[in-house]
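Residue numbers (the numbering used here): 644 to 1378.
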Amino acid sequence: MPKSLIIVESPAKAKTIEKFLGRKYAVKASMGHVRDLPKSQLGVSVENDFEPKYITIRGKGDILKELRESARKADRVYLATDPDREGEAISWHLAQVLKLPLDEPLRIEFHEITKDAIQRAIKQPRPIDLNRVEAQQARRVLDRLVGYKLSPLLWRKVRRGLSAGRVQSVAVRLIVDREREIQAFQPEEYWTLDARLSTAFAQSFSARYWGMGEQKADLKTQDQVRAVVHQVAGDRLPAGNAAVSGEGTPGDPFTEVLDLAGEGLVLQVRSVKRREKKRNPAYPFTTSSLQQEASRKLGFSVRRTMAVAQQLYEGLPLGEEGHTGLVTYIRTDSTRIADEAARAAAEFIERQYGKDYVPERRREPDRRAGEQGAHEAIRPTDVTRTPESVKPYLTPDQYRLYRLIWERFLASQMAPAVLDTVTVELVAGEHVFRASGQSIRFPGFMKVYIEGEDDDGQREEGDDLLPELAEGQQVTLQTLEARQHFTQPPPRYSEAMLVKALEERGIGRPSTYAPIIGTIQTRGYVEKRDKRFYPTELGVLVTDILKEYFPDIIDVEFTAHLEGKLDEVEEGRVNWRELIRRFYGPFEETLKQAEEKVGGFELEDEVSDVPCEKCGRLMVVKHGRFGKFLACPGFPECKSTKPILEETGVTCPACGTGRIVERKSKKGGRRFYGCTNYPDCNFVSWEKPVNRLCPECGAPYLVEKRIKELGLSHVCKQPDCGYVEPVESMEEVHA
644 MPKSLIIVES
654 PAKAKTIEKF
664 LGRKYAVKAS
674 MGHVRDLPKS
684 QLGVSVENDF
694 EPKYITIRGK
704 GDILKELRES
714 ARKADRVYLA
724 TDPDREGEAI
734 SWHLAQVLKL
744 PLDEPLRIEF
754 HEITKDAIQR
764 AIKQPRPIDL
774 NRVEAQQARR
784 VLDRLVGYKL
794 SPLLWRKVRR
804 GLSAGRVQSV
814 AVRLIVDRER
824 EIQAFQPEEY
834 WTLDARLSTA
844 FAQSFSARYW
854 GMGEQKADLK
864 TQDQVRAVVH
874 QVAGDRLPAG
884 NAAVSGEGTP
894 GDPFTEVLDL
904 AGEGLVLQVR
914 SVKRREKKRN
924 PAYPFTTSSL
934 QQEASRKLGF
944 SVRRTMAVAQ
954 QLYEGLPLGE
964 EGHTGLVTYI
974 RTDSTRIADE
984 AARAAAEFIE
994 RQYGKDYVPE
1004 RRREPDRRAG
1014 EQGAHEAIRP
1024 TDVTRTPESV
1034 KPYLTPDQYR
1044 LYRLIWERFL
1054 ASQMAPAVLD
1064 TVTVELVAGE
1074 HVFRASGQSI
1084 RFPGFMKVYI
1094 EGEDDDGQRE
1104 EGDDLLPELA
1114 EGQQVTLQTL
1124 EARQHFTQPP
1134 PRYSEAMLVK
1144 ALEERGIGRP
1154 STYAPIIGTI
1164 QTRGYVEKRD
1174 KRFYPTELGV
1184 LVTDILKEYF
1194 PDIIDVEFTA
1204 HLEGKLDEVE
1214 EGRVNWRELI
1224 RRFYGPFEET
1234 LKQAEEKVGG
1244 FELEDEVSDV
1254 PCEKCGRLMV
1264 VKHGRFGKFL
1274 ACPGFPECKS
1284 TKPILEETGV
1294 TCPACGTGRI
1304 VERKSKKGGR
1314 RFYGCTNYPD
1324 CNFVSWEKPV
1334 NRLCPECGAP
1344 YLVEKRIKEL
1354 GLSHVCKQPD
1364 CGYVEPVESM
1374 EEVHA
């Protein structure tokens, strides 16, 4: 019996879909793209109106042969690649090589891999959307022209092997500009004055100095603080009773604590203001917000997040259920949720938590400019499939990310939290202190999930619980704590913060952030230390060259404008060739001028203290695909190289003689820890060993591990021990 052929990108996706359709359908995988521009040449005919030259990707010959044979035997062919520009382009390339008619309805689209979604899609085939294809083609041609025209210039003027890209160069610029902000930052001194107070019932709380009367005061100097303290304490100020610490520098500011217990000083409650505040849940995940939250809460890189999310989308074996897609399509900028999914969530919430947790009406997100309206947010395909129910079938990474997506979606469909907030003003003469706090009257969505925040060193005030206070009540002053502060420079970008910055500025697309972040590290333009990005000398130099000679390429607004024009191509309002003509004319002229004006730059390699084992010369630091390594400066005569090994200070527990050092895996460059005696000793650990004996069982080392409830902790890996201690508590002990 003739079958219908469905072509998807991956075998996992094929396996999941095949389960839903029965024997009348054959499902084959193209293994991603089958054609692309050649790597060895520009591949774009500028003279022929930017006509791209596509070739079959090396290694895809056998796959295409099998697909042609299957298509010849099938009575109908459906192209079921991903529902975005890139997926549309893959379908177009497949139609070209399989000689399928472009005007016939052979394209099917779905946003989740479930039985209902697949069966609905097959009933609604459509022709290939050529506007989408041309938008993707325009992006590919633009990026090729920039990369293949700019990179050789950098090779000649700076160093071979460098690259420039339309989006990656802007990402590097953001990091370089932030570093310059930090270096130029001048800290400004300011002070806070906190009163520790107690009620007649020995309930203690803190209040912060606000000002005098109705005028807020900013305390800029120690003298200003001491003047307030003298006026508040009056003649009862004890002599020599202040505990002082710190050196008065940004790294070690002053703290002065004055003990006033027993002096009989009181503050009077001037006012108590209570109000109810509603807090709405975050919307379900887009690609970008998923990348950011997985970085904050799980410590995942953008690349790791997307790899695991793809597995959840394409489907995993769930016991008797077989291959099942767990989440909807993961490349989306929409926070919209289908009515059917919202109804299912409401029913689940009412069953699990009660009717009060179902909102009175759904909160609909505003449609953003450029948003792909046909897409949904990322959500579980079935809300009743709880994280715990599928945990036995998932890897730890899959479980943690699925749980994050499930909790975020469920919380987004729940009622707002209701908080009781209170602000209390207390007076000592004309001086006013303020205390604020809040308590949860109704947890609402907070029962399931609370959105994470970027760690920028700022602590939100007002979360403390306050005792019951009434106007006119007197409270006893126990201590006054004066603390010196210095304003802080903006923080360096983490992966989550860089993704957020790119998205807010309209640079690139969330699906491109993982390769961009990987590329700028691989090329040696930036390096990651303690999960923050630092520009290298090379990154600063290349950024400055591009700023001076190619200001448009590296301009944030210009790049965002181009992204908007690509959206217009998809909507059929702009011709893709015309878009590239307008860009390429000025770009080509700038390229000619730069070739004449840009001088040569000598970028010296960093010299190490490690001698080459073959010729004795001191090795230099180079940048490769997996980060830094040591190489002999005598290349090409001497080709000796060595990895740069970061010591942990831990002796190998397996062999007892080697040292545990940081390494990177060949596949993906993931950090792990291994023995210097490898391959004779094969000890490895994904978690960083710490040179500290376990206090419980005496094991020779602990490991660093981030635990949701405790933060960064030191953990014993002995099966019968399980010792855990938060790093913060250890810092307090040793301070």
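The beta-carbon is built from N, C-alpha and C at its ideal position, and this holds for glycine as well.
Check: Mark residue 1355 as exposed unless 16 or more other C-beta atoms lie within 10 angstroms of its C-beta, in which case mark it buried.; Outcome: exposed
Check: Could you tell me which of 1284, 688, 680, 956 sits nearest to residue 654, measuring between CA atoms?; Outcome: 956
Check: Could you check which residue in 717, 931, 924 has the C-alpha nearest to that of residue 1155?; Outcome: 931
Check: Nearest to residue 1234 by CA position, among 1196, 1271, 1203, is which residue?; Outcome: 1196
Check: Less than 7 Å separating the beta-carbons of residue 754 and residue 1019?; Outcome: yes
Check: Could you tell me whether any Cβ in chain C is nearer than 7 Å to the Cβ of residue 815?; Outcome: Annotation note: the requested chain C is absent from the structure, which comprises a single protein chain.
Check: How would you label residue 1340, buried or exposed, when you count the other beta carbons within 10 angstroms and need 16 or more for buried?; Outcome: exposed
Check: I'd like the list of long-range same chain contacts for residue 1260, defined as Cβ closer than 8 Å, with 5 residues on each side in sequence excluded.; Outcome: 1254, 1275, 1276, 1277, 1281
Check: Note down the Cα distance separating residue 1323 from residue 1289, rounded to an integer number of angstroms.; Outcome: 20 Å
Check: So, helix, strand or coil for residue 980, using DSSP?; Outcome: coil
Check: Does residue 1103 pass the burial test, meaning 16 or more other C-beta atoms within 10 Å, or should it be called exposed?; Outcome: Unreliable placement is indicated for residue 1103, whose pLDDT of 44 sits below 50; no coordinate value is reported for it.
Check: Candidates 1163, 859, 993: which alpha carbon is nearest residue 1068's?; Outcome: 859
Check: Considering only the alpha carbon of each residue, which of 1248, 714, 1175, 1224 lies closest to residue 784?; Outcome: 1224
Check: In the DSSP assignment, what residue or residues form a beta bridge with residue 1281?; Outcome: Paired residues: none, contrary to the question.
Check: For the beta strand (DSSP E) containing residue 1292, list its first residue and its last residue.; Outcome: 1289-1294
Check: Would you kindly work out how many angstroms separate the C-alpha atoms of residue 699 and residue 673, rounded to a whole number?; Outcome: 12 Å
Check: Return the CA-CA distance between residue 1078 and residue 1118, expressed in angstroms with no decimal places.; Outcome: 13 Å
Check: What residue range does the alpha helix (DSSP H) around residue 855 cover?; Outcome: Unbroken run through residue 855 is the beta strand (DSSP E), 847-855; no alpha helix (DSSP H).
Check: Check whether the Cβ atoms of residue 1036 and residue 969 sit closer than 7 Å, and answer yes or no.; Outcome: no
Check: Any idea what DSSP makes of residue 1356, helix, strand or coil?; Outcome: strand
Check: So which of 988, 1000, 811, 1271 has the shortest CA-CA distance to residue 1085?; Outcome: 1000
Check: How about residue 648 and residue 669: do their beta carbons lie closer than 7 Å?; Outcome: yes
Check: Would you call residue 1236 buried or exposed, if buried means 16 or more other Cβ atoms sit within 10 Å of its Cβ?; Outcome: exposed
Check: Three or more C-beta pairs under 8 Å: does that hold for the stretch 778-792 against the stretch 1144-1151?; Outcome: no
Check: Among 1338, 1332, 1361, whose alpha-carbon lies nearest the alpha-carbon of residue 632?; Outcome: Outside the displayed span of the chain (644 to 1378) sits residue 632, for which this structure offers no information.
Check: My output table needs one value for residue 743: the three-state DSSP class, helix, strand or coil.; Outcome: coil
Check: What residue range does the alpha helix (DSSP H) around residue 1138 cover?; Outcome: 1138-1147
Check: Residue 1080 to residue 1064, Cα distance in whole Å?; Outcome: 6 Å
Check: Would you tell me roughly how many angstroms separate the C-alpha atoms of residue 1099 and residue 1135, rounded to the nearest one?; Outcome: Confidence is the limiting factor: at residue 1099 the pLDDT is only 47, short of 50, which leaves the residue's position unreliable, though a coordinate-based value still follows. Between residue 1099 and residue 1135, the C-alpha separation is close to 9 Å.
Check: Spatial neighbours of residue 1093 within its chain, please: C-beta separation below 7 Å, excluding the five flanking residues on both sides.; Outcome: none
Check: Over the uninterrupted beta strand (DSSP E) stretch that includes residue 1121, give me the two end residues.; Outcome: 1117-1129
Check: Can you tell which of 1038, 984, 980 has the C-alpha that lies nearest to the C-alpha of residue 961?; Outcome: 1038
Check: Please identify the residue among 741, 908, 1008, 1056 whose C-alpha is closest to the C-alpha of residue 1448.; Outcome: With the chain running from 644 to 1378 in the structure shown, residue 1448 is simply not present.
Check: Count the CB pairs spanning the stretch 981-990 and the stretch 892-899 that are closer than 8 Å, and state whether there are at least three.; Outcome: no
Check: List the whole-angstrom C-beta distance separating residue 978 from residue 1008, where the pair is believed to meet the contact cut-off of C-beta under 8 Å.; Outcome: 4 Å
Check: Taking 7 Å as the threshold (C-beta atoms), are residue 765 and residue 751 in contact?; Outcome: yes
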